[in-house]
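Taking my numbering, I'd label the letters of the sequence shown as residues 10 to 261.
Presented below is the structure to which this report refers.
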Amino acid sequence: MMNVAPATPESLSSIHVAVIIPAINEQESIGQVIAAIPAWVARIIVADNGSTDNTVAIAQNAGATVIPAKIRGYGSACLAGIRAAGNADVLVFMDGDFSDYPEQMGLLVQPIAENRADMVIGSRTLGHHERGSLTLQQRFGGALACGLMRLFWHAHYTDLGPFRAISLGALEQLHMDDRNFGWTVQMQIRAAAAGLRTLEVPVDYRRRIGKSKISGTLRGVIMAGYKIIYTIGKEFFVARSYPKHAEKKRRD
10 MMNVAPATPE SLSSIHVAVI IPAINEQESI GQVIAAIPAW VARIIVADNG
60 STDNTVAIAQ NAGATVIPAK IRGYGSACLA GIRAAGNADV LVFMDGDFSD
110 YPEQMGLLVQ PIAENRADMV IGSRTLGHHE RGSLTLQQRF GGALACGLMR
160 LFWHAHYTDL GPFRAISLGA LEQLHMDDRN FGWTVQMQIR AAAAGLRTLE
210 VPVDYRRRIG KSKISGTLRG VIMAGYKIIY TIGKEFFVAR SYPKHAEKKR
260 RD
């Protein structure tokens, strides 16, 4: 793990930070994730996507607000968490499997708090990742997606890391609507198309607790890969004229 001096509570005391954790059947890890989140975070929201184990009870006992995300899908859970976050200044998204290091959250929030960025992505490829934490499929898919975003939008990303922070004002400009595997790439594409100030910072990554719902199954890998490529193709036609598209959505 990198030796990182986290942002001090004093430097973040003027902003309201809400953490959104999409989760489904993460009873073995969710308590550890919540316990490691910095004390300066104002609110922790677990968007439960239909857990059948003790995820909800453990998250509530750990101090999180648990809200239901009844429509299945990663993006659906993120959207439910956004609605529950209200008027938070900065939203942080992270997984509930303890693969991210919550204590490094200050690296993501600090540039936004200092008005140096609108969105900050934690790059696992730039940081230290534990052996076995990133599968070959994840590496290939991430490299392909980032290459296509560079080609079509001149966006220099290195990862589709789920550990990310964005200001509420910037998020509202993106009109996010993907409900499953295309969420992260849609956010990055629309951020580039909308001209947001985006940074990547190195973050550490470890093997998740439990089996992945995506990379842990052949069906999950195929569906995620298909959706990422589909999203890039769709956004290529939409996001090139994003200001006009956004204005139309506001009128609708």
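Idealized CB from N, CA, C, for every residue including glycine.
What you are looking at is a predicted structure, and each value in this text was computed from that prediction instead of being measured.
message: Pull the bridge partners of Ala174 from the DSSP assignment, please.
response: Paired residue(s): Val101, Val129.
Notebook entry, point to check: Counting along the chain, where does the alpha helix (DSSP H) carrying Leu208 start and finish?
Noted result: From DSSP, Leu208 is part of no alpha helix (DSSP H) but of the beta strand (DSSP E) over 207-211.
Handout entry: Three-state secondary structure assigned by DSSP to Ser224
Key = A caution first: Ser224 carries a pLDDT of 48, below 50, which makes its placement in the model too unreliable to give a value.
Checklist line | Residue environment, Gly141, which counts as buried when at least 16 other CB atoms sit within 10 Å | finding: The residue is exposed, with fewer than 16 neighbouring Cβ atoms inside 10 Å.
> With respect to the beta strand (DSSP E) encompassing Thr74, which residues constitute its N-terminal and C-terminal limits?
Replying inline: Under the DSSP assignment, Thr74 falls in the beta strand (DSSP E) whose first and last residues are 74-77.
Close Cβ partners of Thr240 (< 6 angstroms) along its chain, the five nearest in sequence each way excluded
Within the same chain, Thr240 has close Cβ partners Gly191, Val194, Gln195.
Closest Cα partner of Ser22 within the set Cys155, Leu180, Ala122, Asn96: Ranking the options by Cα distance to Ser22, first place goes to Ala122.
Next on the checklist: Going by the DSSP bridge assignment, what does Ile53 pair with across the sheet?
Outcome noted: Paired residue(s): Val28.
Point to revise | Inter-residue spacing [alpha-carbon to alpha-carbon] between Asp213 and Ala45 | key: Taking the Cα positions, Asp213 is about 14 angstroms away from Ala45.
Measuring only the C-alpha atoms, how far is Asn58 from Thr144? Asn58 and Thr144: Cα-Cα distance of roughly 24 angstroms.
Please report the residue range of the alpha helix (DSSP H) in which Phe107 lies.
-> Premise fails: Phe107 is in no alpha helix (DSSP H) and is neither H nor E.
Note to self: Our contact map puts Asp106 next to Ser38 with C-beta atoms below 8 angstroms; I'd like the distance itself, whole angstroms only.
What the structure shows: The C-beta distance from Asp106 to Ser38 rounds to 5 angstroms, short enough to meet the 8 angstroms contact threshold.
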